[in-house]
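Q: Shown below is the structure under consideration.
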Amino acid sequence: MVNVGLRLFGDAVRSQGVGVVDVDWRIPAGGDPALVAALTTTYGTHSARIEEANAEVCRRLDSAAPVLSGLATARDVVPGMGDRTLLHPGPPLAWEDVCDPLRRSAHAAVMAEGWADTPEAAEALIASGDVDLQPANEHATVGPMATVLGPSAPVFVVENPQSGARAFAGINQGPGAAPWFGVETPEAVARLVLLREAVRPVLEPALGATIESGGPIDIFSVAAQGLQMGDDAHMRTQASTNLLIRALLPGLVAADGDRGVKVARFLATNHLLFLNVVMAAAKTTSDWASAVPGSSIVTGMARNGTTFGIKVAGLDRWFTAPAPDVGQALFHPGYGPADAAPDIGDSAVLETLGLGGAAAAASPAVATFLGGKMAGAVAATRAMESICAGRSTRFRIPYLDFSGSPIGIDLRRVVTLEVTPRITTGILDAAGGRGQVGAGVATAPLAAFQAALLGVVESPEA
Amino acid sequence: MTEAATRVHADTYIDSVQLMAATRAMSGAPGVEYAAAVMATPANRDDLAAGGFDVPAAGANDLVLAVRAGSAADAEAGLDAGDETLASAAASAEPGGAEPGESPRTLEDAVAALPDANVAIVSVPGPFAALEAHKALSQGLHVLLFSDNVPVGDEVALKERGASLGLLVMGPGAGTAMLGGTGLGFANAVRAGRVGVVAAAGTGAQEVMCLLDRWGEGVSQAIGVGGRDLSSAVGGTMAGLGLRALAEDPATEAILLVSKPPSADVAARLLQSAHGKPLVAALVGLAAPVEAAAGVLITDTLEEGVLLTLEGLGATPPDPGAGLASLVSSALAGLDPARRSLLGLFSGGTLCYESMVVMSRYLGAIHSNTPLNYSWGIPAPAGAHVCLDLGEEEYTRGRPHPMIDPGDRAERIAAAPGDGSVGVVLIDVVLGYGGHADPASVLAPACRSVTAQPGGPRVVAYVLGTEADPQVRSKQCAALEEAGCLLAPTATRAALLAAAIAARNPSIAEDGRAG
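Chains R and P are the protein sequences, given in the same order.
For what it's worth, the numbering used here labels the leading residue of the first sequence as 15, then goes sequentially.
For what it's worth, the numbering used here labels the leading residue of the second sequence as 192, then goes sequentially.
What follows is the structure in structure tokens.
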């Protein structure tokens, strides 16, 4: 017997020797009548269809095995990428609403493309409407933090054998003065040129040789190994990056002379190389899962520094709320909350399928941001479990007896419990263009999930 | 001038029983004029604001204590009294119970923790009851929906969905059920037997189950369907499903349907078939004849329903009226001639209703908060017969149900002789799981204070329960008898006893099987 409500009824049945579980019930959805009605519909008359759809979404999120198949120029492979297109993270937004770090990153991309020589000129060019600013997510592409991609940017190509679709992500721009951190200095622009002119020519043949000898690289297999080695595969990808570079090593050694050494030096300092790769893998997985109609599972989360947006399987639209501040922050020396820009980047797609915050308990490094104890990291994973519909059969957490990390964020559970995903992330300088100023944990805004639940109920599928 | 004060406990959800206990503790503090312990839902916040409270910012799972008192010090002391009650409840809940943090937060998670569960009891506040009941159906569970204040539209949707899934939705406001030998809600420990019960009347179901037990039979299954099930709006969806389920249940050899006044068309539809087994319908208060298939017996009292059921099974039940006339005759000796009116103080809604139906045949008008007709409402004129259903919302707001806490009823009993016209006090004492651990310990002293008065009112009591109930029926009866009460063998017979005293006509107590 399951007892929901007055304790005395559970005790009365228990006293007859019958097994009882008491639900630790609280008022759902803050008691809001419209949301309670939406929950009643989605847990009630529509429940069977939604559960069936959710099971298929979770199956896709869990079983997808995207592979890294190569490097290419964005213009040549990214769908809808024109000669004047710039791809930005997060939901669509107008240029006048773009936050300072993303604005600077766009300037740097314009300069790297050779469309302007100075940030001021780049600003004028974009403001004039001469640049087609597009959300990367709507072009099968994702970028962490304030990443902006131009047509000449090199991108990883990730293929999803199950769906036959592809997704793309730029090469991680590395630490320090780099545009993805909202820096637009000549040094930052040079980083984009380095990726295009040096890293890509070395990495592409190295990757090609690796794939030729060992076949395409199963990205989630690398991530799963990384979780056994202390990664959450979002904030910390050090182990997976090492595994990836180890795979690439023979090809890198064969690369040409001085340029090869330079590239190896860049890769050796960039412990987030794997981040962009696994994000593209997550993107193509979530795109596959998004094709399932009539579900209540969140298949996309992305932020542009101004708004936070989520997508729900089967609904081709964004549900947005203002981007949250990044909480529980640790700041670099000399910086504080006043310097912090709101949450930004497409990397939260990782949290939809069992990585990042969902796998926090796998990562001692992440625990340092969650109170400094493993208990904090475990609590973050448990919180995700409370709002997820499934468990990964691949991403396993050693510290939790190798249980699978939670996958498939169910809107109904989020709205009922008023618990939203927490996303471990970096913090960018709000206005000064000085790059990353710290790191912390962003809590996804509940309003976006509430709007999405109402959207699910109103959709023709429902 | 009065002082209004509030206190907020963040993220502290407590259930309605605890809220009532805190409300009562605060209301009882010196100088307190009004008190409320509520969860800070949007609706409750609006109510507090309308009541003149300055409502602090709070969420739906924050607890708010609110007190209006003659002085600021009294208001603070009132709030402290509420806190003390909550603290002692929390302390007593801990031993043996699971840590709150370990309990699942949702019904789905509870099912995952107990995969062979097949029934859920839902008693959350009304606005959230349909949601939890739907969740239970989605998980393949039968539902006992205890919550009331569930809109009839939600009830219809739940029952239609339950019927399509082959799952019972028992309620809303369903007090009792027994499935597979386990009592749910307010239930009595009755023997296993051959009779299946479908009831749209909570205490009515308990009464027939206890009588079947007491007279040597037992119960196979009991399905409470909620008081509105046989209304035209709901259409008897669950009574129909319950009757079909009992017809197919190999342990059930006879079926007893119990309902307060049913919608005639629905009752007729349900009784078109006897479902292949002896079927008795005890339709309490039935005014017009109902068409029924051959083999279906219809009667209008709980007692007669049980007697007919037993006879259908070939048993020879006792005559419950035997010897009661002489009991009444003795009781009438010495009764003040001016005391001629009846005061019924009930905890069971069906028992109150049936008593009024039975007694009005002899006494005429009986005034009530749940009157048989509109002109018999309360306040009653001086000297009139009165029956109160103290389980109704107007008496339970801010305090526990009289089956859980008999204190308020004890005060009313003790006050009865103060009205010089009251000649007989009629009470029901409902035992079973979920009820007060020893109601006679509270009620008997009050009864004694009445019966001890020379010429004062007589007290007729009926104890609904079994020997196997946690409270043990014979012990409860002995305590009440010791206090001078006249004990009736059935609820129907208690009403006849009381009517006989009020009418000064002992033979009424033995009135026959015609009811």
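No residue lacks a Cβ here, since even glycine has one placed at the ideal position from N, Cα and C.
According to DSSP, is Ala485 of chain P helix, strand or coil?
A: coil
Q: Return the CA-CA distance between Thr298 of chain R and Asp330 of chain R, expressed in angstroms with no decimal places.
A: Answer to the nearest angstrom: the Cα atoms are 15 Å apart.
Q: Between the segment 369–378 of chain R and the segment 409–420 of chain R, can you find at least three pairs of beta-carbon atoms closer than 8 Å?
A: Verdict: yes, contact present.
Q: Are the segment 296–313 of chain R and the segment 72–89 of chain R in contact at 8 Å, needing three or more beta carbon pairs?
A: With the cut-off at 8 Å, the segment 296–313 of chain R and the segment 72–89 of chain R touch.
Q: Would you tell me roughly how many angstroms separate the C-alpha atoms of Arg98 of chain R and Arg89 of chain R, rounded to the nearest one?
A: 10 Å
Q: Suppose you measure from the CA of Pro509 of chain P to the CA of Trp406 of chain P; what does that come to, to the nearest Å?
A: 8 Å
Q: Can you tell me where the alpha helix (DSSP H) holding Cys543 of chain P begins and where it ends?
A: 540–554
Q: Once the 5 residues before and after Ala479 of chain P are set aside, which same chain residues still bring their CB inside 7 Å of it?
A: So the qualifying residues of the chain are Ala455.
Q: Roughly how many angstroms lie between the CA atoms of Arg28 of chain R and Leu298 of chain P, to the nearest whole one?
A: 18 Å
Q: Is there a C-beta anywhere in chain P that falls below 8 Å from the one on Thr439 of chain R?
A: no
Q: Just confirm the distance between the C-beta atoms of Arg531 of chain P and Ser612 of chain P, as a whole number of angstroms; I'd bet it's less than 8 Å.
A: 7 Å
Q: Is Gln239 of chain R close to chain P? Criterion is C-beta to C-beta, closer than 8 Å.
A: no
Q: At a CB-CB cut-off below 7 Å, which residues of chain R make contact with Asp206 of chain P?
A: Gly19, Leu20, Arg21
Q: Judging by CA-CA distance, which residue of R:Val392, R:Val34, R:Leu209 is the nearest neighbour of Arg436 of chain R?
A: R:Val392
Q: Can you tell me whether Arg40 of chain R is helix, strand or coil according to DSSP?
A: coil
Q: Does the Cβ-Cβ distance between Leu442 of chain R and Ile324 of chain R come in under 8 Å?
A: no
Q: Among residues of its own chain, excluding the 5 on either side of Gln242 of chain R, which ones have a beta-carbon nearer than 7 Å to its beta-carbon?
A: Pro412
Q: At 3 residues or longer, and completely inside the segment 439–496 of chain P: list those beta strand (DSSP E) runs for me, N to C.
A: Taking 3 residues as the shortest admissible run, the segment 439–496 of chain P contains the following complete beta strand (DSSP E) segments, listed from N- to C-terminal end: 445–450, 470–474, 487–490.
Q: Please go through the segment 294–345 of chain P and give each complete alpha helix (DSSP H) segment of 4 or more residues, from N-terminal end onward.
A: Qualifying alpha helix (DSSP H) stretches, in chain order: 298–304, 317–329.
Q: I'd like the ranges of any alpha helix (DSSP H) spanning at least 4 consecutive residues and lying wholly in the segment 613–686 of chain P.
A: Whole alpha helix (DSSP H) segments, 4+ residues: 630–642, 664–673.
Q: Strictly under 8 Å for the Cβ-Cβ distance: is Ile41 of chain R near chain P by that measure?
A: yes
Q: Are the C-beta atoms of Val71 of chain R and some chain P residue less than 8 Å apart?
A: no
Q: Closest to Ala154 of chain R by CA distance: which of R:Asp360, R:Val16, R:Thr407, R:Ile225 is it?
A: The shortest CA-to-CA distance from Ala154 of chain R to any of R:Asp360, R:Val16, R:Thr407, R:Ile225 is the one to R:Asp360.
Q: Check whether chain R comes within 8 Å of Leu256 of chain P, counting only Cβ atoms and requiring the distance to be less than that.
A: no
Q: Would you mind working out which of P:Val399, P:Ala442, P:Ala272, P:Leu523 sits nearest Glu495 of chain P, comparing C-alpha positions?
A: P:Val399
Q: What's the gap between the Cα of Thr382 of chain R and the Cα of Gly341 of chain R?
A: 14 Å
Q: Quick one: Cα of Leu100 of chain R to Cα of Ser329 of chain P, how far?
A: 47 Å
Q: Just the Cα atoms here: how many angstroms apart are Ala642 of chain P and Ser521 of chain P?
A: The identity of residue 642 of chain P in the sequence shown is Thr, whereas the question assumes Ala. Computed Cα separation, rounded: 14 Å.
Q: Against Met230 of chain P, what residues of chain R qualify as contacts under a CB-to-CB distance less than 7 Å, listed in chain order?
A: Ile41
Q: Quick one, which residues of the segment 318–333 of chain P are near chain R if we go by CB-CB under 9 Å, in chain order?
A: Pro318, Phe319, Ala320, Ala321, Leu322, Glu323, Ala324, His325, Lys326, Ala327, Leu328, Ser329, Gln330, Leu332
Q: Opposite Glu194 of chain P in the DSSP bridges: which residues?
A: P:Ala260
Q: On the DSSP bridge assignment, give the partners of Asn17 of chain R in chain order.
A: Its beta-bridge partners are R:Asp36, P:Ile312.
Q: Exposed or buried, Glu285 of chain P, counting other C-beta atoms within 10 Å across all chains shown (16 or more means buried)?
A: Low confidence applies to Glu285 of chain P: its pLDDT is 44, below 50, so where it sits in the model is not reliable, and the reading given next is rough at best. Classification of Glu285 of chain P: exposed, given that the 10 Å Cβ count is below 16.
Q: Output the distance between the C-alpha atoms of Leu163 of chain R and Gly157 of chain R, rounded to the nearest integer angstrom.
A: 8 Å
Q: Please name the residue, chosen from P:Ser355, P:Leu335, P:Thr681, P:Ala690, that lies closest to Ala62 of chain R on a Cα-to-Cα basis.
A: P:Ser355
Q: Quick one, which of P:Ala226, P:Leu536, P:Asp404 has its alpha-carbon nearest Asp265 of chain P's?
A: P:Ala226
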